Amino acid sequence: MTRLRPVPALAALAILAFVWSPLLGDLFPAGMIRHMALVAVVPPLIVLAWPVWPELPTGLVLVAAAVEFALVWGWHLPGALIYARSDGVGLVLEQGSFLAAGILVWSGSLAAREPLAGAGGLLLTAMHMTLLGALLVLAPRPLYAFCTPTLESQQLGGILMLAIGTPIYLAGGLWLAGRALGMPQGARP
104 MTRLRPVPAL AALAILAFVW SPLLGDLFPA GMIRHMALVA VVPPLIVLAW
154 PVWPELPTGL VLVAAAVEFA LVWGWHLPGA LIYARSDGVG LVLEQGSFLA
204 AGILVWSGSL AAREPLAGAG GLLLTAMHMT LLGALLVLAP RPLYAFCTPT
254 LESQQLGGIL MLAIGTPIYL AGGLWLAGRA LGMPQGARP
């Protein structure tokens, strides 16, 4: 039986308590911190805290990355964001799907039968997160005027997405690629 590792478990719980507390606030940049915590920071801590994830076939890792892509971009469509910002059920669905998708990507990537597939899943995720963050930063006008009254607030949200999500996924993907490339043929980490 695999035991729970307390340090990453407590770190994940502390981060969740902070991002879901009123201390963080409700401005667009605060929402982006919350989103990044739910997809990029807390999920790898959960996977490290409770290492019981089954080894996944190569294709499922990429499916997990595609599901996460669809959820993240889907919830950033104006109609979905309005629903999440104006309805408690919408907020729970948004936050829950971000956390579930993050756990799916990280558990799939770290437990992939082929470590290079895991690296690919994280690197694909890094790319689409970078694109969305860049869109928020470079847009000439607020894309979410209903919840982000200023362009600067939206740009700060994009910068936070770039500063938090991109390096985490990139580091995880490069670490898995390095492990895979350093392994003897047929070995498993």
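Each residue of the sequence shown is one higher than the one before, counting from 104 in this note's numbering. Cβ atoms here follow ideal geometry from the backbone N, Cα and C, with glycine treated the same way. In this text the structure is predicted, and so the values were computed from the model without any measurement.
Exclusion of the five residues before and after glutamate 171 leaves Val142, Ala204, Gly205, Leu207, Val208, Thr228 as the residues of its chain whose Cβ lies within less than 8 Å of its Cβ. Taking every protein chain shown into account, the CB of arginine 137 has 16 or more other CB atoms within 10 angstroms, so this residue is buried. Between leucine 163 and glycine 211, the C-beta spacing is below 8 Å. Linking glutamine 257 to valine 110 through their CA atoms gives a straight-line distance of about 34 Å. Assignment of alanine 152 by DSSP, reduced to helix, strand and coil, places it in the helix class.
C-alpha of arginine 108 to C-alpha of alanine 114: approximately 11 Å in a straight line. For the pair glycine 275 and arginine 282, the Cα-to-Cα distance works out to about 11 Å. Beta-bridge analysis with DSSP links alanine 215 to Leu159.
In the structure shown, leucine 265 adopts helical secondary structure according to DSSP, grouped into three states. Judged by pairs of C-beta atoms under 8 Å, the segment 148-163 does not touch the segment 262-278, as fewer than three such pairs exist.
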